[in-house]
Ligand code: GDD
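Numbering (the numbering used here), first residue to last: 6 to 311.
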């Protein structure tokens, strides 16, 4: 195996590289700024010369395409950059594979936001669920998915499209719910903030998986995922943001008060996004292993040790 990991300095990219190192698998990371790391090359996914050169020179057996803009709230603020990076970026990878390395197996990373599930229907979303994204981020990922499937059909590109649900773990950037909650709780513990943490919408229900389980799923899909298929990666367990907050507060000895901050709400919010992981479990035997409480404690401890 020779794995090209795009977006290798991002949250999931770092865990993917750790996983490949740990399992003695040859890889090359790419990032907009390689930061003098011998395992990482400079590659801007919007620069087709960059992308062509890396794919042509390295000729990976597998490409895991993680580079992109992953924040739903930021996508509302900058939809152009989100569509460019997520949709055109994926198109550039597809074209480079088609021209220079047609036998590479591509794992394209989409999102559960492609489904844009109805807020009224509380159901486990499987891969046949209707897609009707409700924000620019979901549109950018669904467009990428459709391009991937077209390239599989038209040019026999060996690609799989993945729809991960919420993933969590230490080192994720701020602006995602577990980081926003954990950082404020630890700031209170350290006496840097007064007693109240600011939170957004606590009513929504999400499906959280630890990033270590996520990268293991991507690896299993590289090996056993069927070309031309879409796979959810999720825990199939719904947790309300209110419950998540309770779990965090219970893991702290400090007295924590909660203040709802309307500026943290989004223009459109999905009430319930919980997936079915039946298909990936069937095709690859993947099952998430990490317990939610353990993941939350790891995130708190990361901020505590900073
Ligand atoms: N970020 C954040 N900060 N979200 C909050 C907060 C807060 O202080 N308070 C409540 N929330 C609510 C959000 O309104 C949302 O309903 C939920 O917590 C989760 O928010 P995020 O962690 O920002 O994730 P997301 O669900 O919008 O998107 C994530 O999951 C997608 C897959 O479902 C991202 O990781 C995407 O990249 C991913 O594709």
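By construction, the Cβ of each residue, glycine as well, lies at the ideal position given by its N, Cα and C atoms.
Alpha-carbon spacing of residue i relative to residue j, whole angstroms
| i | j | result |
| --- | --- | --- |
| residue 106 | residue 197 | 52 Å |
| residue 52 | residue 89 | 11 Å |
| residue 120 | residue 150 | 12 Å |
| residue 87 | residue 291 | 30 Å |
| residue 45 | residue 127 | 42 Å |
| residue 138 | residue 275 | 10 Å |
| residue 9 | residue 20 | 14 Å |
| residue 63 | residue 99 | 15 Å |
| residue 18 | residue 304 | 17 Å |
| residue 42 | residue 26 | 14 Å |
| residue 147 | residue 136 | 8 Å |
| residue 293 | residue 215 | 8 Å |
| residue 24 | residue 35 | 16 Å |
| residue 85 | residue 254 | 37 Å |
| residue 108 | residue 154 | 16 Å |
| residue 250 | residue 157 | 42 Å |
| residue 160 | residue 50 | 21 Å |
| residue 202 | residue 260 | 11 Å |
| residue 186 | residue 82 | 22 Å |
| residue 30 | residue 73 | 24 Å |
| residue 364 | residue 258 | A query on residue 364 cannot be resolved here, the shown segment of the chain reaching from 6 to 311 and no further. |
| residue 237 | residue 285 | 7 Å |
| residue 297 | residue 210 | 14 Å |
| residue 54 | residue 60 | 10 Å |
| residue 190 | residue 252 | 12 Å |
| residue 48 | residue 199 | 43 Å |
DSSP beta-bridge partners of residue i
| i | result |
| --- | --- |
| residue 34 | 10 and 45 |
| residue 60 | DSSP lists no partner for residue 60. |
| residue 55 | Per DSSP, none; premise fails for residue 55. |
| residue 17 | Note: residue 17 sits in no beta bridge, so no partner. |
| residue 181 | 179 |
| residue 201 | 262 |
| residue 169 | 238 |
| residue 158 | According to DSSP, residue 158 bridges with nothing at all. |
| residue 210 | 245 and 277 |
| residue 215 | 173 |
| residue 1 | Here the chain has residues from 6 to 311 only, and residue 1 is not among them. |
Given residue i as reference, the closest of the options once Cα atoms are compared
| i | options | result |
| --- | --- | --- |
| residue 193 | 31, 262 and 119 | 262 |
| residue 163 | 308, 273, 45 and 68 | 68 |
| residue 79 | 143, 294 and 96 | 143 |
| residue 167 | 70, 181 and 206 | 70 |
| residue 22 | 237, 294, 220 and 287 | 220 |
| residue 309 | 195, 268, 237 and 253 | 195 |
| residue 283 | 239, 251, 181 and 299 | 239 |
| residue 177 | 251, 39, 217 and 101 | 217 |
| residue 314 | 213, 17, 268 and 265 | The chain is shown only over 6 to 311; residue 314 falls outside these bounds and no answer can be derived. |
| residue 223 | 97, 63, 111 and 64 | 111 |
| residue 231 | 103, 113, 12 and 102 | 113 |
| residue 103 | 152, 270, 235 and 11 | 152 |
| residue 246 | 259, 33, 97 and 204 | 204 |
| residue 95 | 159, 12, 248 and 215 | 12 |
| residue 180 | 268, 7, 237 and 255 | 268 |
| residue 244 | 171, 235 and 270 | 171 |
| residue 301 | 76, 92 and 175 | 175 |
| residue 75 | 58, 91, 49 and 7 | 91 |
| residue 256 | 306, 185, 234 and 66 | 306 |
| residue 311 | 188, 265 and 227 | 188 |
| residue 363 | 16, 56 and 183 | Look at the range of the chain in this structure, 6 to 311, and you will see that residue 363 is not part of it. |
| residue 313 | 206, 289, 286 and 66 | A question about residue 313 goes unanswered here, because the residues of the chain that appear run from 6 up to 311. |
| residue 265 | 252, 206 and 271 | 206 |
| residue 288 | 273, 97, 228 and 252 | 228 |
- Task: Kindly provide the ranges of any alpha helix (DSSP H) runs that are 4 or more residues long and lie completely inside the stretch 220-298, ordered along the chain.
- Result: 246-255 and 283-289
- Message: Please give the ranges of any alpha helix (DSSP H) in the stretch 63-131, keeping only runs that are unbroken, at least 4 residues long and fully inside the region.
- Response: 77-82, 84-88 and 94-105
- Message: For the pair the stretch 269-280 and the stretch 129-139, tell me if three or more CB-CB distances fall below 8 Å.
- Response: yes
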